[in-house]
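Novice:
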């Protein structure tokens, strides 16, 4: 097994498959990571290929569900949520029907089948915190399952920002964030970006029934105010990462900012946030090989300042990521709430 580094994207290869990315694919991913809305001629120049070839290749990858360029936002800043990670266990928690119902649930942003103290794990984004109980009640109506919730109180780094390299990423250890209030047109533009980060100005203009110049101006304002940003969505397996797991960590509160800052900067960290519950720090991690998980637990989690306890939960299959339905590591549509996406889904 060897590691291939291409312009910042790392692919760990062990065997050939029809889905494996080649050098051109990785080059396109790297260019899009830098600028998700970069014009095709610019991307072509960066990867050393023709504009038509690059565009056809991207469209092929997208149509096959292997990559997505999507918008991202912090729902809590918009007055929604906060999100909660919910462990499900019980008689029906492993039923395909239960997983399907969660996958199609518009409040579920992430869903995976897990091994450990939970049968499956979901990230639920309610419109308001009081409505979280209503969402959970509705989920349990048709299935015999138990749930344990960990409400997000602060996001240090998001899986929506994860890159499989050592590139600098946004880490937020501040204790306060400013909320924003969006106009109707801004919400509609944001909804369009959440579904397709490379949506044309003409399609967005049509959605908000305004001119292309207005659509462009609103989009640029969302980016400049850091309300929206873009990311390349690709399953870690497609880049050769075998081990995916979550950790519930208990840190002495006085050490929480320091420990979180160190862990958020680790290249294996996809998501890290403070939570309300029996553990005050929850993270999602990926590693090239399953055999590296033990060393990570001992040398990374075990050495965090103020650590008192840590529990791991292995992720064996993903069914939803950032509202995108996932089947066999490919993206097959979007299921998100109307209050965030509007009528664009």
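In my numbering, the protein residues as written are -17 to 327. Note that beta-carbon positions come from the ideal geometry of N, C-alpha and C, so glycine has one too. Being a predicted model, the structure only gives us computed values, none of them experimental.
(1) Using the beta-carbon count (16 or more within 10 Å), is residue 262 buried or exposed?
(2) What residue range is occupied by the uninterrupted beta strand (DSSP E) comprising residue 192?
(3) In the DSSP assignment, what are the bridge partners of residue 309?
(4) Classify residue 289 as helix, strand or coil using the three-state DSSP reduction.
(5) Please give me, in chain order, every unbroken run of the alpha helix (DSSP H) with length at least 4 that falls completely inside the segment -10 to 60.
(6) Using only the alpha-carbon positions, how far apart do residue 171 and residue 46 sit?
(7) Output needed for residue 184: all residues of its chain with C-beta closer than 7 Å, excluding positions within five of it in sequence on either side, in chain order.
(8) What does the Cβ neighbour count give for residue 297, buried or exposed, with the cut at 16 atoms within 10 Å?
(9) Where does the unbroken alpha helix (DSSP H) through residue 178 begin, and where does it stop?
(10) DSSP on residue 76, reduced to helix/strand/coil?
(11) Residue 176 to residue 103, Cα distance in whole Å?
(12) Do three or more CB pairs link the segment 12 to 30 to the segment 58 to 67 at distances below 8 Å?
(13) Report yes if the CB atom of residue 36 is closer than 8 Å to the CB atom of residue 25, and no otherwise.
(14) Taking Cβ to Cβ, would you say residue 212 is nearer than 8 Å to residue 179?
(15) Taking only the alpha-carbon atoms, compute the straight-line gap between residue 287 and residue 247 and give it to the nearest angstrom.
(16) So, under 8 Å CB-CB, residue 89 and residue 112 are touching, yes? Tell me the CB distance rounded to an integer number of Å.
(17) Taking its Cβ as the centre, do 16 or more other Cβ atoms sit within 10 Å of residue 15, making it buried, or is it exposed?
(18) Give the straight-line distance between the Cα atoms of residue 93 and residue 312, rounded to the nearest whole angstrom.
Specialist: On the basis of the data shown:
(1) It counts as buried.
(2) Element bounds for residue 192: n/a, residue is neither H nor E.
(3) Bridge partners of residue 309: 312.
(4) Reduced to three states, the DSSP call for residue 289 is strand.
(5) Taking only runs of at least 4 residues, the alpha helix (DSSP H) segments lying wholly in the segment -10 to 60 are 5 to 16, 22 to 29 and 33 to 45.
(6) Cα-Cα distance, rounded: 25 Å.
(7) Non-local beta-carbon contacts of residue 184 in its own chain, meaning distances under 7 Å to residues more than five positions away in sequence, involve 194 in chain order.
(8) Looking at its Cβ environment, which holds 16 or more other Cβ atoms inside 10 Å, residue 297 is buried.
(9) Segment: none, residue 178 is in no alpha helix (DSSP H) and carries neither H nor E.
(10) In the structure shown, residue 76 sits in coil (DSSP, three-state: anything other than H, G, I, E or B).
(11) Answer to the nearest angstrom: the Cα atoms are 22 Å apart.
(12) Counting Cβ pairs under 8 Å, fewer than three are found: no touch.
(13) Contact annotation: residue 36 and residue 25 have beta-carbon atoms nearer than 8 Å.
(14) Result yes, Cβ atoms of residue 212 and residue 179 sit closer than 8 Å.
(15) In this structure, the straight-line span from the alpha carbon of residue 287 to that of residue 247 is close to 14 Å.
(16) So it is not a contact: roughly 14 Å between Cβ atoms.
(17) Residue burial annotation: residue 15 is buried, with at least 16 other C-beta atoms found within 10 angstroms of its C-beta.
(18) Approximately 14 Å between the Cα atoms of the pair.
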